[in-house]
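According to the numbering used here, the sequence shown is numbered sequentially starting from 36. Ideal Cβ positions, reconstructed from N, Cα and C, are used throughout, including at glycine. One structure below.
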Amino acid sequence: MAAAAAGISGIIAPDVLDCTICFGPLRPPVFQCVVGHVICSPCHGKLINKENCNTCSLPGGYNRCNALDKILESLHIPCANVTYGCTVKTHYHEVENHGKSCPHAPCFCPEPGCNFAGSTVALLAHLTGGHMWPSTELEYNVKLTLEVKAGVHVLHRRDRSPFFLVKFTPAPPPYGNAASVLCVDPDAAATTEK
36 MAAAAAGISG
46 IIAPDVLDCT
56 ICFGPLRPPV
66 FQCVVGHVIC
76 SPCHGKLINK
86 ENCNTCSLPG
96 GYNRCNALDK
106 ILESLHIPCA
116 NVTYGCTVKT
126 HYHEVENHGK
136 SCPHAPCFCP
146 EPGCNFAGST
156 VALLAHLTGG
166 HMWPSTELEY
176 NVKLTLEVKA
186 GVHVLHRRDR
196 SPFFLVKFTP
206 APPPYGNAAS
216 VLCVDPDAAA
226 TTEK
């Protein structure tokens with residue numbers, strides 16, 4: 036009984052938990068045919084012929100699969116970004132949505148040939164320490180003057196996340212210089228969805 040209280044660990048092939056029609060992750064309510072082929076609720080709702088299984092064509096239609104509903108509700112998957120500090124565990128069918136907005140998603144070094152990946156703070160340290168990119172601390176709503184030099188300049192707040200990469204590119208006269216700005220913020224997807 037102690038093992039049951041702590042949970043059960045195991046390995047299961049992910050496609051076992053996918054709909055046999057759309058191949059998306061199953062979420063309750065789940066439906067199954069008499070043989071055991073399972074489909075998700077949206078696919079069940081779209082079926083024209085609900086009397087025969089879409090996979091094996093056997094008669095009998097589909098019934099709710101309460102056992103699989105309970106398994107799916109109790110199954111919590113660790114985030115793929117656990118190595119970058121994420122401690123969230125989500126339902127199997129919510130893993131992809133969480134991954135798209137996980138604040139611990141790795142940021143990758145934009146330097147050609149560099150394979151560094153890490154948190155926003157780790158990337159900032161990598162760019163300024165490893166690649167020696169110049170950096171300037173900034174405050175929002177406060178005037179900032181930068182020397183225009185070709186290359187990338189890092190702008191960061193005191194809390195170091197998010198930060199900005201400013202790339203200056205000289206243009207031939209009479210055009211002056213071009214500047215492009217990139218915000219490095221793994222939480223941007225979560226922020227824009229709110």
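Would you check if there are 3 or more beta carbon pairs closer than 8 Å linking the stretch 87–100 to the stretch 61–69? yes
Contact set for G134: own chain, Cβ-Cβ below 8 Å, skip 5 residues either direction: In the sequence shown, residue 134 corresponds to position 99, counting from 1. Counting only Cβ-Cβ distances below 8 Å, and skipping sequence neighbours, we find C114, A115, N116, A140.
Going by beta carbon distance, what residues of the same chain come within less than 7 Å of E86, once the five residues before and after it are set aside? Numbered from its first residue, the sequence shown carries residue 86 at position 51. So the list reads P94, G96, once near-sequence residues are dropped.
To which residues does DSSP link D53 through a beta bridge? Taking the sequence shown and counting its residues from 1, the one referred to as residue 53 is at position 18. Paired residues: P60.
In angstroms, rounded to a whole number, what distance separates the CA positions of D194 and T155? The residue labelled residue 194 in the question sits at position 159 within the sequence shown. The residue labelled residue 155 in the question sits at position 120 within the sequence shown. For D194 and T155, the distance between alpha carbons rounds to 11 Å.
Within 10 Å of its beta-carbon, does P60 have 16 or more other beta-carbons around it, so buried, or fewer, so exposed? Your numbering for residue 60 matches position 25 in the sequence shown. Burial call: buried.
Residue range of the alpha helix (DSSP H) that L217 falls in? As a first step, residue 217 must be located in the sequence shown, where it is residue number 182. It is not in any alpha helix (DSSP H) - L217 instead sits in the beta strand (DSSP E) that spans 212–219.
Restricting to Cα atoms, I'd like to know which of T204, F199, P205, G45 is closest to D220. Locating residue 220 in the sequence shown gives position 185, where the first residue counts as 1. With distances taken between Cα atoms, D220 lies closest to F199.
Which residue or residues does DSSP assign as beta-bridge partners of F198? Mapped onto the sequence shown, residue 198 falls at position 163. In the DSSP output, where bridge partners are listed per residue, F198 has H191, V219.
If you draw a straight line from the alpha carbon of T180 to that of E174, how long is it in whole angstroms? Within the sequence shown, numbered from 1, the residue matching residue 180 stands at position 145. Within the sequence shown, numbered from 1, the residue matching residue 174 stands at position 139. The straight-line gap from Cα to Cα measures roughly 12 Å.
Return the CA-CA distance between V187 and T204, expressed in angstroms with no decimal places. The sequence position of residue 187 within the sequence shown is 152, counting from 1. The sequence position of residue 204 within the sequence shown is 169, counting from 1. Taking the straight line joining both Cα atoms gives about 9 Å.
Is the distance from the Cβ of G153 to the Cβ of H161 below 8 Å? Here residue 153 corresponds to residue number 118 of the sequence shown, with the count starting at 1. Here residue 161 corresponds to residue number 126 of the sequence shown, with the count starting at 1. Closer than 8 Å, so yes.
T204 in three-state terms, based on DSSP: The count along the sequence shown starts at 1 and reaches residue 204 at position 169. Three-state result, T204: strand.
First through last residue of the beta strand (DSSP E) which encompasses S170: The residue you call residue 170 lines up with position 135 of the sequence shown. 170–172 is the span of the beta strand (DSSP E), which, as asked, contains S170.
Which residues in the same chain have their Cβ closer than 6 Å to the Cβ of P49, if we skip the five residues on either side of it in sequence? Counting from one through the sequence shown, the residue named residue 49 turns up at place 14. Nothing listed; no residue qualifies.
So, at 6 Å on beta carbons, what are the nonlocal neighbours of L158 in its own chain, with the 5 sequence-adjacent residues on each side left out? The residue you call residue 158 lines up with position 123 of the sequence shown. Contacts found: C142.
Proximity of C57 and C78 at Cβ, strictly below 8 Å: Within the sequence shown, residue 57 is the residue found at index 22, counting from 1. Within the sequence shown, residue 78 is the residue found at index 43, counting from 1. Here C57 is near C78, since their CB atoms are less than 8 Å apart.
Own chain partners of K124 with C-beta closer than 8 Å, once the 5 adjacent residues on each side are dropped: Here residue 124 refers to the residue found at position 89 when the sequence shown is read from its first residue. Excluding positions up to five away in sequence, the list reads H111, I112, P113, C114.
Rounded to a whole number of angstroms, what is the C-alpha to C-alpha distance between N89 and C75? Numbered from its first residue, the sequence shown carries residue 89 at position 54. Numbered from its first residue, the sequence shown carries residue 75 at position 40. Rounded to whole angstroms, N89 to C75 spans 12 Å at the Cα level.
Taking 7 Å as the limit between beta carbons, can you name the residues of its chain near R62, skipping five residues before and five after? Walking along the sequence shown from the start, residue 62 turns up at place 27. The residues are C75, L107, H128.
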